[in-house]
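What follows is a short report on a single structure.
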Amino acid sequence: MNYLAHAYLSFDQEEVLVGNFIGDFVKGKMMETFPLDVQNGIKLHREIDLFTDTHPLVRAGQSYLRPKFRHYSTVITDIFFDYFLAKNWSNYSQVPLEDFIQNTFTTLNQHRLLFPDRFTNMFQWMEKDNWLLKYREIKGIEQTLTGMSRRTRFESKMEIAHLALLEKEAEFQVIFFAFFEDLKTFAQEKLIELQDSNAGH
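Here the numbering used here runs 1293 ahead of the position in the sequence shown, where the first position is 1.
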């Protein structure tokens, strides 16, 4: 999943949110340097990504993308799912999307000292350009995927992936609605499990 979903699936727990955002930037023994709830967020991030990558509904959506975009189809579906989450935000939260995003950035800024250097650099752009709000519009999805395509080592064609979303938006939305209910339940249960396992530490 992408960043808006990781924020939502932190369930209003601040240190879990921090871990959920920096999860891809923490390697090896770095994990031990963080507070336990940040560690839980990092682990939750990884569990969410694994659950997503192996879910049959997600794989069904990726099967449509794979002939053209190959292994980049996994990245593309992550971005697509943030689009559907942002577009249908009122189905999932009573807090307006703009307020939720501002609260997310405020919380993250309060914990900047915990950021790995590589995440600090990216976060500056994420906040400045308000990536999370951009996901609500097709134009924002196009800009995001185009930016990602410039940073890939090999040709990804991600700069045209928004056209696949336009072509199959209804089908991808059906997949998202069904999958995200499974993911939300999984993430809630997994976070409780992680916190319970650390309770005695």
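C-beta atoms are modelled at their ideal positions from N, C-alpha and C, and glycine is treated no differently.
Residue i burial status per 10 Å Cβ neighbour count (16 or more: buried)
i: Gly1321; result: exposed
i: Ser1383; result: exposed
i: Glu1308; result: buried
i: Arg1429; result: buried
i: Thr1478; result: exposed
Whether residue i touches residue j by CB criterion (8 Å)
i: Gly1312; j: Asn1295; result: no
i: Leu1275; j: Phe1373; result: As shown, the chain starts at 1294 and ends at 1494. That puts residue 1275 outside it, with no answer to give.
i: Asp1475; j: His1348; result: yes
i: Phe1327; j: Leu1406; result: no
i: Ile1453; j: Leu1350; result: no
i: Pro1409; j: Val1331; result: no
Same chain, Cβ closer than 8 Å to residue i, five either side skipped, listed in chain order
i: Leu1426; result: Ala1379, Leu1390, Glu1391, Ile1394, Gly1433
Proximity winner among the options, relative to residue i (alpha-carbon distances)
i: Arg1446; options: Leu1350, Asp1317, Tyr1365, Phe1479; result: Tyr1365
i: Gln1387; options: Phe1465, Asp1305, Asp1371; result: Asp1305
i: Leu1297; options: Gly1440, Ile1485, Asn1491, Asn1423; result: Asn1423
Close beta carbons around residue i, own chain, < 7 Å, minus the five adjacent residues each side
i: His1455; result: Ile1431, Ile1434, Glu1435, Leu1438
i: Ala1480; result: Leu1302, Leu1337, Ile1341
i: Asn1381; result: none
Other residues of its chain near residue i: CB distance less than 6 Å, five sequence neighbours each side excluded
i: Ser1449; result: Tyr1365, Ser1442
C-beta neighbour in chain B for residue i, strict 8 Å
i: Gln1466; result: Absent from the structure is chain B; it holds one protein chain and no more.
Residue i to residue j span [Cα, whole Å]
i: Arg1359; j: Glu1462; result: 16 Å
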